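Undergrad: Numbering (the numbering used here), first residue to last: 2 to 284.
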Amino acid sequence: MVEMIDGRKVAKEVNAATKAKVEELAKKGVTPGLAVILVGDNQASQRYVHMKEKKAVELGINSIMKTFPADVSEATLIDTIKSLNNDSAVNGILVQAPLPAHIDEQKVIETIKPEKDVDGFHPINVGNLFLNLDKKYPVACTPKGIMTLLEKYNVNLDGAKVVIVGRSSIVGKPMLALMLNANATVTDVHSHTKNLKDYTRDADVVVSAVGKSNMLTDGDFKPGAYVIDVGQNLDENGKLVGDVNYNPETSKIGYITPVPGGVGPMTIATLMQQTVEMCEWSL
Ligand code: GUN
Numbered sequence: 002m003v004e005m006i007d008g009r010k011v012a013k014e015v016n017a018a019t020k021a022k023v024e025e026l027a028k029k030g031v032t033p034g035l036a037v038i039l040v041g042d043n044q045a046s047q048r049y050v051h052m053k054e055k056k057a058v059e060l061g062i063n064s065i066m067k068t069f070p071a072d073v074s075e076a077t078l079i080d081t082i083k084s085l086n087n088d089s090a091v092n093g094i095l096v097q098a099p100l101p102a103h104i105d106e107q108k109v110i111e112t113i114k115p116e117k118d119v120d121g122f123h124p125i126n127v128g129n130l131f132l133n134l135d136k137k138y139p140v141a142c143t144p145k146g147i148m149t150l151l152e153k154y155n156v157n158l159d160g161a162k163v164v165i166v167g168r169s170s171i172v173g174k175p176m177l178a179l180m181l182n183a184n185a186t187v188t189d190v191h192s193h194t195k196n197l198k199d200y201t202r203d204a205d206v207v208v209s210a211v212g213k214s215n216m217l218t219d220g221d222f223k224p225g226a227y228v229i230d231v232g233q234n235l236d237e238n239g240k241l242v243g244d245v246n247y248n249p250e251t252s253k254i255g256y257i258t259p260v261p262g263g264v265g266p267m268t269i270a271t272l273m274q275q276t277v278e279m280c281e282w283s284l
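This is the structure we're talking about:
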């Protein structure tokens, strides 16, 4: 029977450690601050941002929300970011993706000071990660949270065959760098890959970040494999499901992250953890 990788449990541990750090900082009169910029009325984005705000408040992090209508100008967003860059009470700035089509998302990201880029999306931070530099810099929260999860479950990545499905800037590419930095043998497969499942079937660890339900099923994995399901999809009944469709009773998958309750809580816990780390680095 397939075993569950409990993201909620590990996220609770990470959040407890973050809260303890916030309490230490409070003794020095310091409160970490996280600014979140939300544009438009995308329901999934609103839901994520609400969860982030709630968790920040719960952990004692100062949450600064900036919401804008979908027709906000790029100049207004850029001015907002510039003023947050100069606000010493703000340690992390996050612009919830996706942005409306009239806004150049890359230009917006590049306006964030690299030291405040809590998502790790700025080219300077992406470069730091790919070069595996030994210094303090933020890393994309979903892949970083996945690494924490694998570490807590004592998964040995050194020399492991890791297959990443998807090559987005938010998950696939930073995941690839983190796995390479952990000495895994990494393959990234995507929409142009021929015979994609030949790769997943040969992997010790599969990370699926496609955003398509039924993308992978039981027969697409090696028996005993670790499967990290990053998918957050709504099925035909409006139920949240991942990319992987499997039978928990009969599956030969070794370990899998459930959806919900796997990667999702880890992303938020990592965002809070990183906000507090960035506050510490700034002192
Ligand atoms: N949209 C989906 N995932 C993310 C994320 O991790 N960060 C931001 N800023 N937007 C997202």
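Note that CB positions come from ideal geometry on N, CA and C, so glycine has one too.
Note that this is a predicted model, so its numbers are computed, not measured.
Which residue or residues does DSSP assign as beta-bridge partners of residue 5?
TA: In the DSSP output, where bridge partners are listed per residue, residue 5 has 257.
Undergrad: Pick out the complete alpha helix (DSSP H) segments inside the region 50-105, 4 residues or longer, and give them in chain order.
TA: 75-86, all fully within the region 50-105.
Undergrad: Counting only runs of 3+ residues fully inside the region 134-206, write out the beta strand (DSSP E) ranges in chain order.
TA: Listed in chain order, the complete beta strand (DSSP E) runs (minimum 3 residues) inside the region 134-206 are 162-166, 186-190.
Undergrad: Quick check: is the beta carbon of residue 183 nearer than 8 Å to any beta carbon in chain B?
TA: In summary, chain B is missing from the structure at hand, where a single protein chain is found.
Undergrad: Sorry if obvious, but does the Cβ on residue 96 come closer than 7 Å to a heavy atom of the ligand GUN?
TA: Correct: residue 96 has its Cβ closer than 7 Å to the ligand GUN.
Undergrad: Once the 5 residues before and after residue 129 are set aside, which same chain residues still bring their CB inside 6 Å of it?
TA: If we look at residue 129 and ignore the five residues flanking it on each side, its Cβ neighbours are 138.
Undergrad: Verify whether the separation of the beta carbon atoms of residue 273 and residue 16 is less than 8 Å.
TA: For residue 273 and residue 16, yes; Cβs fall inside 8 Å.
Undergrad: When the Cβ atoms of the region 179-190 are set against those of the region 220-228, are three or more pairs found closer than 8 Å?
TA: The region 179-190 is not in contact with the region 220-228.
Undergrad: What whole-angstrom Cβ distance do residue 263 and residue 8 have, given they're in contact under 8 Å?
TA: That belief holds up - the Cβ atoms of residue 263 and residue 8 are roughly 4 Å apart, short of 8 Å.
Undergrad: Between which two residues does the beta strand (DSSP E) containing residue 38 stretch?
TA: Run containing residue 38: 34-40, per the beta strand (DSSP E) assignment.
Undergrad: Considering residue 228, what are the terminal residues of the beta strand (DSSP E) in which it resides?
TA: It spans 227-230 - the beta strand (DSSP E) in which residue 228 sits, taken as one unbroken run.
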